[in-house]
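Below is one structure, written out as structure tokens; comments come after it.
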Amino acid sequence: MLNITPLCAVLQSHAGIQGTSRPTHYQVLHDEYDLEADELQNLCYRLCYTYGRCTRSVSVVLPVFYADMAGYRIRTHLKDYSRWSDEDSKRTPDSQEDPSLLFEPLNQRLKGLWGDDEWFSENHKCN
Numbered sequence: 001m002l003n004i005t006p007l008c009a010v011l012q013s014h015a016g017i018q019g020t021s022r023p024t025h026y027q028v029l030h031d032e033y034d035l036e037a038d039e040l041q042n043l044c045y046r047l048c049y050t051y052g053r054c055t056r057s058v059s060v061v062l063p064v065f066y067a068d069m070a071g072y073r074i075r076t077h078l079k080d081y082s083r084w085s086d087e088d089s090k091r092t093p094d095s096q097e098d099p100s101l102l103f104e105p106l107n108q109r110l111k112g113l114w115g116d117d118e119w120f121s122e123n124h125k126c127n
């Protein structure tokens, strides 16, 4: 790790296969565990080696890598953006209303995208 300040670090976690490797800039927003600089370096470095599709290290920590992949995949699966609105995100639960009911419109839309099978209904509910 290079240039560590309390909330900022630059990590060159991998050797490039071809060309020049670029380091990744990390910024700590909240540190619940009060990590020292060496502990943060070790954690980030080790997380770069846990990607399931590769035997080498990747350029960013695994949670960031998977979040980026998930975002890319959901964009490719959504066919009609006009069906999605922000109305569900603006709602707040009433004191008597079950919070899981807020996700029911989203569950119905997802069910329409990925099929109406029973396995999806039971295993992929958003709540």
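Read in order, the letters of the sequence shown correspond to residues 1 to 127 in the UniProt record's numbering.
We put the beta carbon where it would ideally sit given N, CA and C, even for glycine.
What are the boundary residues of the alpha helix (DSSP H) that includes Leu43? Here the alpha helix (DSSP H) through Leu43 covers Ala37 to Leu47.
From Ala70, Leu43, Asn107 and Thr55, residue whose alpha carbon lies closest to that of Val61: When each option's Cα is compared against that of Val61, the closest is Leu43.
For Gln27, write down the residues that DSSP places opposite it in a beta bridge. Per DSSP, Cys8.
Nearest-angstrom Cα separation, counted from Arg75 out to Ala37: The alpha-carbon atoms of Ala37 and Arg75 are separated by roughly 36 Å.
Have a look at Thr55 and Gly16 and give me their C-alpha separation to the nearest angstrom. Approximately 13 Å between the Cα atoms of the pair.
How is Glu32 classed by DSSP in three states: helix, strand or coil? In the structure shown, Glu32 adopts coil according to DSSP, grouped into three states.
Which residues in the same chain have their Cβ closer than 6 Å to the Cβ of Leu47, if we skip the five residues on either side of it in sequence? Here the set comprises Val61 and Leu62.
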